[in-house]
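Let me begin by presenting the structure, written as structure tokens, before commenting on it.
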Amino acid sequence: LSARPRLHGLQVGLAAYLVSHLQGSTHLRVASLLDDAGFFESVRADPFDPQEWLDAIAAAPAMKADHYTVLSSRDHLPELRALIEHDPRLRGCFQR
Numbered sequence: 048l049s050a051r052p053r054l055h056g057l058q059v060g061l062a063a064y065l066v067s068h069l070q071g072s073t074h075l076r077v078a079s080l081l082d083d084a085g086f087f088e089s090v091r092a093d094p095f096d097p098q099e100w101l102d103a104i105a106a107a108p109a110m111k112a113d114h115y116t117v118l119s120s121r122d123h124l125p126e127l128r129a130l131i132e133h134d135p136r137l138r139g140c141f142q143r
């Protein structure tokens, strides 16, 4: 969905961080691993478009309709929008 896709690993890492917040129990561990790897600094070097991410999150459950994910259970866009806008780890990871 991106007009300018980034490295797949950066997309997956950021998605894992965002979704781990929805799952609750794993987000601190995921955050710690990404912090230790310097992940967020790598993302800040070439920030993502936040609206593209929100569009991708909205489209994700329909991409494989026969697969259940945490994104399938309800509308998570308001929660993820707030996370993108206010989470300290994500500061600079999305274009403003």
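Take the sequence shown: its letter number 49 is residue 96 in the numbering used here, and every next letter is one higher.
In this text, a Cβ means the ideal position worked out from N, Cα and C, and glycines have one as well.
Bridge pairing for F87: absent [DSSP]. With fewer than 16 other Cβ atoms inside 10 Å of its own Cβ, G71 counts as exposed. Contact annotation: D96 and Q58 have beta-carbon atoms that are not nearer than 8 angstroms.
Here the alpha carbons of D82 and M110 stand approximately 30 angstroms from one another.
In terms of CA proximity to L75, D134 leads the group G139, C140, A50 and D134.
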